[in-house]
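The opening residue of the sequence shown carries number 800 in my numbering; numbering runs sequentially from there. To start, the structure under review is shown below, and the notes come after it.
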Amino acid sequence: MSDHTLTRESPVYVLLRFLIYGLFAIVMGQIIVWNLNSLGVAALASENGVLEWVQVAFLAFASGLSACAFCTSRSGSTIYGLIACVTAYATAKECDTFFEAALFDDAYKYVAGVPLALLAGFLLYRGRMRFVNEISECIGYRWFGIFVTAGILLASLCQLLDSAHFWETFEQSLTLQDAKRLVEETSELYAYYFMSVAAVESFFQSRILIAPTAS
């Protein structure tokens, strides 16, 4: 009979990773400020601008790492697979203009969304017997809280900044429109960054099981 138990990560190792995450976020903000002077708001925050490309990179990274966790984990594989599907769909959504230019309006919903939805449904069906236990375990993990936080940011802050009503009290001008795009794209950038952090944590969590011991 095999018994799987969890090892505890060194607190120093965990704190070091979070220090790196924090420093990266600070540096990322400074790079945005520096690029504002050299590239301008339009190039930085427009559709298919620099910020949107970095968002795509974060999302693709999160999706790929979650897929790795799905393939290598000994527990919670359904959750990792679902997260990989969600972040892959978000990646396609951020590339919507390319899908539309090559195919038709909202093509990403059908070309990427439908297959990913079917895959997510298959994963849920296959893991239906253990899904409740998996989600109960994941709730206590660091990465799950970070991922949920990113989702809340996207559903609340980013949507608020994208709302026309939010900006109606300001005088409409090209400058304000540029500022709106800058704030929106920057907020999404940070949300996707935290999703990538969650993917890193989920990857480490999936690999800290010790080898099975015979009993």
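All C-beta atoms, glycine included, are put in the ideal place defined by N, C-alpha and C.
Simplified DSSP state of residue i, which is helix, strand or coil
i     : result
Y1017 : A question about residue 1017 goes unanswered here, because the residues of the chain that appear run from 800 up to 1014.
L838  : coil
F869  : helix
F903  : coil
Y992  : helix
S962  : coil
G950  : helix
C932  : The amino acid occupying residue 932 in the given sequence is Asn; Cys does not appear at that position. Looking at N932 - three-state DSSP - the assignment turns out to be helix.
G926  : coil
G939  : coil
E846  : coil
Residue burial classification, residue i (beta-carbon count within 10 angstroms, cutoff 16)
i     : result
C894  : buried
T871  : exposed
A868  : buried
Q1046 : Residue 1046 is absent from the structure shown; the chain starts at 800 and stops at 1014.
T974  : exposed
M994  : buried
I819  : exposed
F903  : exposed
Closest residue to residue i among the options (Cα-Cα distance)
i    : options                : result
A831 : E851, R927, L818       : As written in the sequence, residue 831 is Ile, which differs from the Ala given in the question. Checking every option, the nearest Cα to that of I831 belongs to E851.
K892 : A883, Y879, A911       : A911
V885 : A901, G926, G920, F823 : G920
S876 : I938, R980, R929       : R929
F943 : E899, D977, R816, I882 : I882
- Within the region 875-901, ranges of the alpha helix (DSSP H) (whole runs, at least 4 residues): 876-893, 895-901
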